[in-house]
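A.B. asks: Before I ask anything, let me first share the structure, which is written out below as structure tokens.
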Amino acid sequence: MSEDGLMARLADGPVICAEGYLFELERRGYLQAGAFVPEVVLEHPERVTALHEEFVHAGSDVVEAFTYYGHREKLRMIDKEDLLEPLNRQALALAGSVASATGTLLAGNVCNTNIYDPADPDTHERVRTMFAEQVAWAAEANVDFMIAETLRYHGEAMIALEVIRETGLPSVVTLVADRNGLSREGLPIAEACARLADAGADVVGLNCNRGPSTMAPLLAPVVDAVDVPVAALPVPYRTTAEQPTFQSLREPDFAGPSIPFPVALDPFTCNRYEIAEFTRQAADAGVRYLGLCCGAAPHHVRAMAEALDRNPAASRYTADMSKHAYLGTESSLLRGNQEYAGRL
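Position in the sequence shown counted from 1, then plus 636, gives you the numbering used here.
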């Protein structure tokens with residue numbers, strides 16, 4: 637556990653939390669899309685550790701244990717519930733080692749269970765049990781705070797918050813806004829966040845699903861509605877008013893499955909400059925806890941850090957085109973190559 641906790645760091649300025657482990661490890665060939673169960677923490681722990689280190693190198697203030705979708709329901713679906721505790725404890729140990737070595741914050745994680753039904757109290761108890769076991773393991777690992785994320789139902793978010801508060805750990809609770817911009821029960825996101833803040837959440841906001849351009853309009857109302865720090869962690873994809881979520885994105889000439897989500901989203905990926913611009917806009921709107929979700933890579937995180945006037949270790953390698961043979965401006969470059977640049 638860090639001596640300088642989450643709330644103290646937020647009081648000093650924005651906090652960056654890198655996410656996106658599912659998509660990045662799937663792209664690298666260590667996790668299966670569809671089920672999206674993070675068995676990689678057991679099968680290839682060195683890859684998870686390396687990605688933690690790369691995100692910190694790029695500017696993340698937080699190492700988030702890769703327990704996303706590492707819950708009982710997901711493991712039940714692949715008939716591997718026996719891996720539940722080993723997977724969670726291993727993920728926490730990997731993240732904890734990197735956080736300790738780098739002086740960053742260690743975060744535990746719970747997420748949507750996919751079984752919550754507002755009309756079925758039995759599912760509420762099952763959800764509570766699932767959250768309770770994961771949060772308990774995180775508390776035993778001395779995490780600095782807990783993240784509860786990608787929650788479409790405000791009711792499910794409230795259960796997660798209640799479980800986290802029982803441990804006394806600080807909480808970051810983030811909701812998903814689908815196409816209609818509401819919680820799945822139909823609550824405006826700002827109202828749902830206000831209810832969470834009133835119930836004791838330390839940080840509230842949005843994560844996943846929406847890209848920078850379609851998450852941005854939802855942020856100011858949340859900032860206005862609450863008196864706690866606000867979080868914004870979009871997916872790094874070019875969503876639009878007509879296609880506001882990355883599940884809704886369509887490419888007219890797409891020659892693959894019926895929809896690009898989740899493994900053919902490459903043509904929609906935001907570049908680093910777009911991420912930097914979102915970061916500045918969100919910070920100007922009063923957002924204090926910033927990050928990126930599914931699809932993020934270390935270069936995106938570096939762009940976010942640099943947009944906040946930070947200089948992470950990875951900034952040593954920030955692009956400098958001045959010495960490029962054709963496109964550069966350095967005086968010793970061959971003029972003939974520069975003149976040829978228009979024909980490239």
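Glycine included, every Cβ here is placed at the ideal spot set by N, Cα and C.
Predicted model only: the values in this text are computed from it and were never measured.
Leaving aside the five residues before and after Asn748 along the sequence, list all residues of the same chain whose C-beta is less than 6 Å from its C-beta, in chain order.
C.D. replies: As a working note, residue 748 is residue 112 in the sequence shown. Result list for Asn748: Thr786 and Leu787, in chain order.
A.B. asks: Taking a contact to mean a Cβ-Cβ separation below 9 Å, would you say Ala768 touches Ala701 in this structure?
C.D. replies: Counting from one through the sequence shown, the residue named residue 768 turns up at place 132. Counting from one through the sequence shown, the residue named residue 701 turns up at place 65. Contact flag unset, no.
A.B. asks: Asp838 and Pro865 - do their beta-carbons sit closer together than 9 Å?
C.D. replies: The residue labelled residue 865 in the question sits at position 229 within the sequence shown. The residue labelled residue 838 in the question sits at position 202 within the sequence shown. Yes, the Cβ-Cβ distance between Pro865 and Asp838 is below 9 Å.
A.B. asks: Kindly give me the distance between the Cβ atoms of Tyr873 and Gly931, rounded to whole angstroms, as I take these residues to be in contact under 8 Å.
C.D. replies: Numbered from 1 along the sequence shown, position 237 holds the residue referred to as residue 873. Numbered from 1 along the sequence shown, position 295 holds the residue referred to as residue 931. The pair is a contact, with the Cβ atoms about 6 Å apart (cut-off 8 Å).
A.B. asks: With DSSP collapsed to three states, give me the class of Tyr877.
C.D. replies: As a position in the sequence shown, residue 877 is number 241, starting the count at 1. Here the sequence assigns Ala to residue 877, which means Tyr is not the residue at that position. Coil at Ala877, not helix or strand.
A.B. asks: With Leu720 and Val677 assumed to form a contact (beta carbons below 8 Å), what rounded beta-carbon distance in angstroms separates them?
C.D. replies: In the sequence shown, the residue the question calls residue 720 occupies position 84. In the sequence shown, the residue the question calls residue 677 occupies position 41. In fact, because the Cβ distance is near 12 Å, the residues do not count as touching under 8 Å.
A.B. asks: Could you tell me how far apart the beta carbons of Leu832 and Val809 are, in whole angstroms, since I believe they sit closer than 8 Å?
C.D. replies: By 1-based counting over the sequence shown, the position of residue 832 is 196. By 1-based counting over the sequence shown, the position of residue 809 is 173. Their Cβ separation, rounded to whole angstroms, is 5 Å, which keeps Leu832 and Val809 in contact under 8 Å.
A.B. asks: Using a threshold of 9 Å, state whether the C-beta atoms of Ala828 and Met782 are closer than that.
C.D. replies: Here the question's residue 828 lines up with position 192 in the sequence shown. Here the question's residue 782 lines up with position 146 in the sequence shown. Cβ atoms of Ala828 and Met782: not closer than 9 Å.
A.B. asks: Does the Cβ of Leu770 have 16 or more other Cβ atoms within 10 Å, making it buried, or fewer, making it exposed?
C.D. replies: Along the sequence shown, one-based indexing puts residue 770 at 134. The displayed chain sequence assigns Gln, not Leu, to residue 770. By the 10 Å Cβ count, Gln770 comes out buried.
A.B. asks: From this set, Arg820, Asp814, Glu776 and Asn816, which residue's C-alpha is nearest Leu805's C-alpha?
C.D. replies: As a first step, residue 805 must be located in the sequence shown, where it is residue number 169. Nearest to Leu805 by alpha-carbon distance, out of Arg820, Asp814, Glu776 and Asn816, is Glu776.
A.B. asks: Pick out whichever of Ala919, Pro903 and Tyr953 has its Cα sitting closest to the Cα of Thr875.
C.D. replies: What you label residue 875 is simply residue 239 of the sequence shown in a count that begins at 1. The shortest C-alpha separation from Thr875 is found at Pro903.
A.B. asks: Under three-state DSSP, which class holds Ser894?
C.D. replies: Within the sequence shown, the letter at position 258 stands for residue 894. Ser894: coil per DSSP, three-state reduction.
A.B. asks: Tell me the DSSP secondary structure of Phe781 in three-state form.
C.D. replies: On the sequence shown, position 145 is the one that residue 781 refers to. Phe781: strand per DSSP, three-state reduction.
A.B. asks: How should Pro754 be labelled, buried or exposed, when 16 other C-beta atoms within 10 angstroms of its C-beta is the threshold for buried?
C.D. replies: For this step, residue 754 is matched to residue 118 along the sequence shown. When all chains shown are included, Pro754 counts as exposed.
A.B. asks: If I measure Cβ to Cβ from His680 and keep anything under 7 Å in the same chain, skipping five residues before and after, which residues do I get?
C.D. replies: Residue 680 sits at position 44 when you count from the first residue of the sequence shown. Within the same chain, His680 has close Cβ partners Tyr666.
A.B. asks: Val763 to Arg946, Cα distance in whole Å?
C.D. replies: Here residue 763 refers to the residue found at position 127 of the sequence shown. Here residue 946 refers to the residue found at position 310 of the sequence shown. If you take the alpha carbons of Val763 and Arg946, they lie about 39 Å apart.
A.B. asks: What three-state label does DSSP hand Leu980 in the structure shown?
C.D. replies: The sequence position of residue 980 within the sequence shown is 344, counting from 1. Coil.
A.B. asks: What residues in its chain sit with their C-beta under 7 Å from that of Ser819, if we drop five residues either side in the sequence?
C.D. replies: Indexing the sequence shown from 1 puts residue 819 at position 183. Arg788, Tyr789, His790, Leu811, Ile825 and Ala828, listed in sequence order.
A.B. asks: With distances taken from CA atoms, which of Val859, Glu689, Cys906 and Ile800 is nearest Ala737?
C.D. replies: Along the sequence shown, read from residue 1 onward, the residue named residue 737 stands at position 101. When only C-alpha atoms are compared, the closest one is Glu689.
A.B. asks: Between the Cα of Met643 and those of Ala867, Phe890 and Gln668, spot the shortest distance and give me the residue it belongs to.
C.D. replies: Counted from its first residue, the sequence shown places residue 643 at position 7. Selected option, being the one with the closest Cα: Ala867.
A.B. asks: Extract the residue ranges of the beta strand (DSSP E) inside the stretch 658-734, only unbroken runs of 3 or more that lie entirely within it.
C.D. replies: 698-700
A.B. asks: Smallest Cα separation from Ala830: which of Cys844, Arg815 and Ala856?
C.D. replies: Residue mapping note: residue 830 aligns to position 194 of the sequence shown, counting from 1. Considering only alpha carbons, the answer is Ala856.
A.B. asks: Which two residues bound the contiguous alpha helix (DSSP H) that contains Cys829?
C.D. replies: Here residue 829 refers to the residue found at position 193 of the sequence shown. Run containing Cys829: Ile825 to Asp834, per the alpha helix (DSSP H) assignment.
A.B. asks: Inspect the CB distances between the stretch 845-852 and the stretch 880-887 and report whether three or more fall short of 8 Å.
C.D. replies: Yes, the stretch 845-852 is in contact with the stretch 880-887.
A.B. asks: Relative to the C-alpha of Asp814, which residue among Glu887, Arg664, Ala877 and Met794 is closest?
C.D. replies: The residue you call residue 814 lines up with position 178 of the sequence shown. Ranking Glu887, Arg664, Ala877 and Met794 by Cα distance to Asp814 puts Ala877 first.
A.B. asks: How far does the alpha helix (DSSP H) with Gly791 in it reach, from first residue to last?
C.D. replies: In the sequence shown, counting from the first residue as 1, residue 791 sits at position 155. That run of the alpha helix (DSSP H) goes His790 to Arg801.
A.B. asks: Whole-angstrom Cβ separation of Arg908 and His936, contact assumed at under 8 Å?
C.D. replies: Residue 908 sits at position 272 when you count from the first residue of the sequence shown. Residue 936 sits at position 300 when you count from the first residue of the sequence shown. The Cβ separation is near 6 Å, so the contact holds.
A.B. asks: Taking 8 Å as the cut-off, does the CB of Asn748 come closer than this to any heavy atom belonging to the ligand SAH?
C.D. replies: With respect to small molecules bound, the structure shown includes none, and the ligand SAH cannot be examined in it.
A.B. asks: In chain order, what residues of the same chain have a beta carbon less than 6 Å from the beta carbon of Ala671, not counting five sequence neighbours either side?
C.D. replies: Looking up residue 671 in the sequence shown gives position 35. Once the five neighbours on either side are set aside, the close Cβ partners of Ala671 are Ile714.
A.B. asks: Indicate the three-state DSSP secondary structure (helix, strand or coil) for Leu855 in the structure shown.
C.D. replies: Start at 1 with the first residue of the sequence shown, and residue 855 comes out as number 219. Of the three classes helix, strand and coil, the one that applies to Leu855 here is helix, per DSSP.
A.B. asks: Using the Cα positions of Tyr925 and Cys653, report the straight-line distance between them to the nearest angstrom.
C.D. replies: By one-based count along the sequence shown, residue 925 stands at place 289. By one-based count along the sequence shown, residue 653 stands at place 17. About 7 Å.
A.B. asks: Name the residue from Asn750, Glu887, Tyr953 and Thr685 whose alpha carbon lies nearest to the alpha carbon of Glu660.
C.D. replies: If you number the sequence shown from 1, residue 660 lands on position 24. Cα-wise, what sits closest to Glu660 is Thr685.
A.B. asks: State the DSSP-derived secondary structure class of Tyr925, mapped to helix, strand or coil.
C.D. replies: The residue given as residue 925 occupies position 289 in the sequence shown. If DSSP states are grouped into helix, strand and coil, Tyr925 belongs with the strands.
A.B. asks: Give me whichever residues DSSP pairs with Thr905 in a beta bridge.
C.D. replies: If you number the sequence shown from 1, residue 905 lands on position 269. Bridge partners of Thr905: Tyr873.
A.B. asks: For Leu742, which residues does DSSP report across the bridge?
C.D. replies: Within the sequence shown, the letter at position 106 stands for residue 742. Partner(s): Val699.
A.B. asks: Is it the case that the Cβ atoms of Gly649 and Leu928 are separated by a distance below 9 Å?
C.D. replies: Walking along the sequence shown from the start, residue 649 turns up at place 13. Walking along the sequence shown from the start, residue 928 turns up at place 292. In this structure, Leu928 does not lie closer than 9 Å to Gly649 by Cβ.
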